[in-house]
Amino acid sequence: MALIRLDILLQQQCALPSREQAQALILSGSVWSGNQRLEKPGQKVQQDLPLEIRDRLPRFVSRAGEKLDAALNLFEIPVNGRACLDVGASTGGFTDCLLQRGASRVVALDVGYGQLDYKLRKDPRVVVIERFNARYLTAKTLEENDPSAGDIDFVCMDTSFISLTRLVEPVCRSVPRLKDLVVLFKPQFEVGREFVRKGGLVTDESAIKAKVAEFDAFMLNLGLKLKNGPQKSPVPGKKSGNVELLIHYERQKET
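In our numbering, the protein residues as written are 1 to 255.
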């Protein structure tokens, strides 16, 4: 029997309106076959494989965790045993995802205060840095809060009301051992104001595409090469409804 992509089979079996919706369900961890969760949209499976979409309790303290979880699955980035930095931690969805995947330690940094979920705040693997703008981050600041900050080699970023271009450089400069960087690209904070409609919605695909290309070039100048993406997040922006993009960059090795 011929094999078929999982996302196509799911769309057919469950009469979903689009392949993109099938991919979103798979990446969010909602698709099962028997007792096995299936998390790779492009996986080739038997055409008669029974599939099921299951409603489930949230796995993470916020919906943001589903976004990072999808990225780590799709881009095949292992975080087990790694020291991580979560920039824009907020409630802690990304931090929770990293811990559940075996991260040894997560520095949760946010400009706000008191937002991080209590279960994460009391977790000994979490170092909390609050009321701190990532624009001013330095290696010294990290080390003052986490004496082992020099071990950090994975960074994820989920920020709002500021362009990533204003944060990435100080963050990367502060993490000398950085290997992998995953960012959540939010169009309303990256494209020009003329492209942002009421409520923060951005519908001009060409403007988004151009800005992503510009961002890729910016990152390359920092020594960070596009590794995977952009990939549409399985969870849209909470307030704007924008399609957010997950992008994976890898620090280039010095020659």
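Think of the CB as a built atom: it goes at the ideal place given N, C-alpha and C, for glycine as much as any other residue. These numbers come from a predicted model, not from an experiment.
Comparing alpha carbon positions, the residue from R197, P50, Q13 and V182 closest to K67 is V182. In terms of Cβ geometry, V127 and R105 form a close pair [threshold 9 Å]. Excluding the 5 residues flanking it on each side, F94 has same chain C-beta neighbours closer than 7 Å at A64, G65, L68, D86, C156 and D158, in chain order.
The beta carbon of L98 is closer than 6 Å to those of V79, C84 and V106 in its chain, skipping five residues each way along the sequence.
Note on M1: under 16 other CB atoms within 10 angstroms of its CB, so exposed under the neighbour-count rule.
Membership of V171 in the alpha helix (DSSP H) is indicated by the continuous run V168 to R173. I208 is a Cβ neighbour of P187, given a cutoff of 9 Å. Annotation: the continuous beta strand (DSSP E) that includes L224 extends over L224 to K232. Apart from the 5 residues on each side of it in sequence, S148 sits with its Cβ closer than 8 Å to the Cβ of A83 and R105 in its chain, given in chain order. When DSSP states are grouped into helix, strand and coil, E52 belongs to the strand group. For a cut-off of 8 Å, the C-beta gap from N228 to F75 is around 4 Å, short enough to register as a contact.
C-alpha of D110 to C-alpha of G199: approximately 24 Å in a straight line.
For H248, the closest alpha carbon among the candidates L25, I162, V196 and F154 is that of F154.
If the five residues before and after G81 are omitted, its C-beta is found closer than 8 Å to the C-beta atoms of G102, A103 and S104, all from its own chain and listed in chain order. DSSP places I129 within a strand segment (E or B) once states are collapsed to three. In this structure, P41 and L27 form a Cβ contact; the two beta carbons are roughly 7 Å apart against a cut-off of 8 Å. Boundaries of the beta strand (DSSP E) harbouring I4: L3 to R5, taken from the DSSP string. Looking only at I77, Q252 and E39, the smallest Cα-Cα distance to A22 is reached by E39.
Secondary structure of K40 (DSSP, three-state): coil.
Counting along the chain, the unbroken alpha helix (DSSP H) around E20 starts and ends at R19 to L27. Exposed is the label assigned to D48, since fewer than 16 other Cβ atoms lie within 10 Å of its Cβ. Here G92 has V61, S62, A108, L116, D117 and L120 as same chain residues with Cβ atoms under 7 Å from its own Cβ, once five neighbours each way along the sequence are excluded.
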